[in-house]
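See structure below.
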Amino acid sequence: MIEVVSEDRCIRCDICERVCPAFVFDRDASGLPVIARQDDCQTCFLCEIYCPTDALFVAEAADGPTGITEAEVERRGLFGAYARALGWSRGRAGGADQDPTHRLRAAQN
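The numbering of the sequence shown is our numbering, which starts it at -15 and goes up by one.
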């Protein structure tokens, strides 16, 4: 369940709003996404994964609001933790040259 949107980390890009299948976010006057319909969160982690600044925290096994604070999420290094667990890393080199299938095909030619 979505728990925290960091006002300090958020760049107000609206990606979290666009990727959320349950439309849990609204915006405040400054453009900051706010959790408006937390009970509708499907815990899909899309908002956390796609956030370019790791400004969101989704609690993995929460049946309801946990009450965790932004300071606690920061202290425990939880911002961006799910994306890191998946191996997502911004700025990481990638592409077909890293794909083993590509190397196999190149060796056959």
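A virtual CB, placed ideally from N, CA and C, is assigned to each residue, including glycine.
**Study point:** Presumed contact (8 angstroms Cβ cut-off) between residue 56 and residue 42, rounded CB distance
**Key:** Going by Cβ atoms, the distance from residue 56 to residue 42 rounds to 14 angstroms, so no, they are not a contact pair.
Point to revise | CA nearest to the CA of residue -13, picked from 4, 71, 44, 68 | key: Taking each of 4, 71, 44, 68 in turn and checking the Cα distance to residue -13, the smallest one comes out for 44.
Check your understanding: Is residue 21 near residue 3, with beta carbons less than 7 angstroms apart?
Key -> no
Exercise for review: Using alpha carbons as the reference points, say which of 12, 17, -7 lies closest to residue 1.
Suggested key: Nearest of 12, 17, -7 to residue 1, Cα basis: 17.
**Study point:** Under the three-state DSSP convention, the category residue -5 falls into
**Key:** coil
Check your understanding: Anyone know if the C-beta pair for residue 38 and residue 64 falls short of 7 angstroms?
Key -> yes
**Study point:** Helix, strand or coil at residue 10 according to DSSP, with G and I counted as helix
**Key:** strand
Review point. In terms of residue numbering, what span does the alpha helix (DSSP H) encompassing residue 32 cover?
Key: That run of the alpha helix (DSSP H) goes 30 to 34.
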